[in-house]
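> Going letter by letter, the sequence shown gives residues 116 to 522 in our numbering. No residue lacks a Cβ here, since even glycine has one placed at the ideal position from N, Cα and C. Because the structure is a prediction, the values reported are computed rather than measured. Please see the structure below; I have some questions.
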Amino acid sequence: MLRHTPDRSVYRPRKRQRQHQHDCSAAADLDIPLPDIGEDLVALQESSGATFSEAGVALSFESDEEAHSAVRSDAVLADRSHHARFRVSGRDALKFLQAQSTNDFLPLRPGQGCNTVFVTAQARTIELATCYVLQPNSVLITIPADVKQALLDRLNKYIFFGDEVEITDVSSQCSQLVMAGPGSKGLLRELGAPSELLDGAQGAHGLLNVGGRPVLLAVGSGLHHPGYTLLPDEGVAGELWSTLTEKGAVPMGELTWERERILGGRPRAGRELTEAHTPLEAGLWGCISLDKGCYIGQETLAKVSKLGALNRELWGLRLSAPAEAGAPVFEDGKKIDEQNSVQEPTASHQVPASESASRGLPDGPAAAPPSIKNAQSEEQQEKLRAMQERLQAWQQQQQQQQSQQAS
């Protein structure tokens, strides 16, 4: 649990490289040409009081405090363009991803999407990814940039002779904006987004026309708040940011996003998602198919699920004092694990118990099958009873010692 201390150093962000000769991945599949470059997204964020990391990521805005409440009552807008985006295409694209990750790709049709986990042969986690099926032979995948190269190396390793699969990094060819909060739907409806798309299932996507230019609009924010992901080419990203903020969307920086991620229980690479844990331990049951057939890590996941043999689980805890990421967690004097991410509430936003106890993937099914959850609940109740009995025994012992001293 990462304890956030805002970086007071202000960096001038490096301008993102933009490639006029390429298409955004969504537009490319539909043969839509890339328009001329429009307003500068970074300049617009600077005008909203953004401070940037050395890598050019907007860390915070003047509206950070407002964003805390807006994501629950209205709408926020976050720039997630620092995430990586790549396209898997070719005749065997879906079949290839079916064998490489945990979710079931074969039933998906263009306009649908899913969250999936890439794991090692031992079912250890590499990364949680969001995937959009653009065409029968083309899938767009978004992941955090810090795991991009590791995942690309892994996927390229399993493309064999005769496979019609091509992997293309399109990160520099389009931006990635996210709207989150109950007011997001209304703002996008004002831009002409159809109700059937806005009300669609997680991962559903289609094209939104913004000033005559295409924007891929997908259901899901990546947080535990309702929302949408927008993938505009760089020619329209600035215009889209300006339009949405003028309509009332509150800018949200990376530090506020991270706080909301932790409150919502979404695991992150390098924190809760590492090769020390399986996706089942991270509560990602909704991203895993155990009966779709053979894939990397499937045998181990199926065995763990059948036996209910989880060594660890991801839980949210409400602490009574500050803590640091990596701090050990003890039970009966024995270290049982460590804290992965920590957030401290702002003065205007204290953590309600309902948020601090959440776990599993936002917008997804229950964190574990009912049979396993029931067994875990019974085990936890038994542990609680045992702890209470030990406490009562200790209190009685203290009372006896005090009586003896008094006499």
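#1: My output table needs one value for Gln458: the three-state DSSP class, helix, strand or coil.
#2: Could you give the DSSP three-state label for Phe176: helix, strand or coil?
#3: With DSSP collapsed to three states, give me the class of Asn324.
#4: The beta strand (DSSP E) spanning Arg202 covers which residue range?
#5: By Cβ distance below 8 Å, which residues in the same chain neighbour Asp261 in space, the five residues on each side in sequence not counted?
#6: Among all the DSSP beta bridges, which residues are the ones paired with Glu311?
#7: Going along the chain, which residues of its own chain have a beta-carbon closer than 8 Å to the beta-carbon of Gly363, five neighbours each way excluded?
#8: Taking the alpha carbon of Ala170 as the point to measure from, which residue in His197, Glu161 and Thr393 has its own alpha carbon closest?
#9: Less than 7 Å between C-beta atoms, sequence neighbours within five positions excluded: which residues of the same chain meet that for Ser420?
#10: Who does Val262 pair with in a DSSP beta bridge?
#11: Evaluate the contact criterion for the region 269-280 versus the region 208-216: three or more CB pairs, one atom per stretch, below 8 Å.
#12: For Arg187 versus Thr257, is the C-beta spacing smaller than 8 Å?
#13: In chain order, what residues of the same chain lie with their CB nearer than 8 Å to the CB of Ser162, ignoring the 5 residues before and after it?
#14: Is Val444 helix, strand or coil when you go by DSSP?
#15: What residue range is occupied by the uninterrupted beta strand (DSSP E) comprising Gln250?
#16: Which same chain residues end up closer than 6 Å to Val330 when comparing Cβ atoms and leaving out the 5 residues on each side of it in sequence?
#17: Hey, quick one: how far does the alpha helix (DSSP H) through Glu349 stretch, first residue to last?
#18: DSSP state of Thr415, grouped into three classes?
#19: Would you grab the beta carbon distance between Leu266 and Ile241 for me? Rounded to a whole angstrom, and I think it's under 8 Å.
#20: Who are the Cβ neighbours of Arg239 in its own chain at under 6 Å, not counting the five residues just before and after it?
#21: Identify the residues that DSSP records as bridge partners of Tyr343: which are they?
#22: If contacts are defined as beta-carbon pairs under 8 Å, then Ala173 and Asp194 qualify, I think. What distance do you get, rounded to the angstrom?
#23: Taking only three categories from DSSP, how would you classify Gln519?
#24: Taking Leu156 and Ser286 to be in contact with their CB atoms under 8 Å, please state how far apart those CB atoms are, rounded to whole angstroms.
#25: From the DSSP secondary-structure annotation, give me the bridge partner or partners of Cys289.
#26: In this structure, does DSSP put Lys210 in helix, strand or coil?
Working from what's here:
#1: coil
#2: Three-state result, Phe176: coil.
#3: In this structure, Asn324 counts as strand in the three-state DSSP scheme.
#4: Here the beta strand (DSSP E) through Arg202 covers Ala199 to Ser204.
#5: Close CB contacts of Asp261 within its chain, under the 8 Å cut and outside five residues either way in sequence, are with Ala384 and Gly385 (chain order).
#6: Answer is none; Glu311 lacks a bridge partner.
#7: Excluding sequence positions up to five before and after Gly363, its CB lies within less than 8 Å of the CB of Asp189, Ala190, Gly298 and Leu302, all in the same chain and listed in chain order.
#8: His197
#9: Leu395 and Leu405
#10: In the DSSP output, where bridge partners are listed per residue, Val262 has none listed.
#11: Contact holds: three or more Cβ-Cβ distances are below 8 Å.
#12: Contact flag unset, no.
#13: none
#14: strand
#15: Thr240 to Gln250
#16: Same-chain partners within the cutoff: Leu323, Leu345 and Pro347.
#17: Glu349 to Glu361
#18: helix
#19: 6 Å
#20: Glu390
#21: Met294 and Val334
#22: 6 Å
#23: helix
#24: No, Leu156 and Ser286 are not in contact; Cβ-Cβ is about 15 Å, not under 8 Å.
#25: Asp348
#26: Reduced to three states, the DSSP call for Lys210 is helix.
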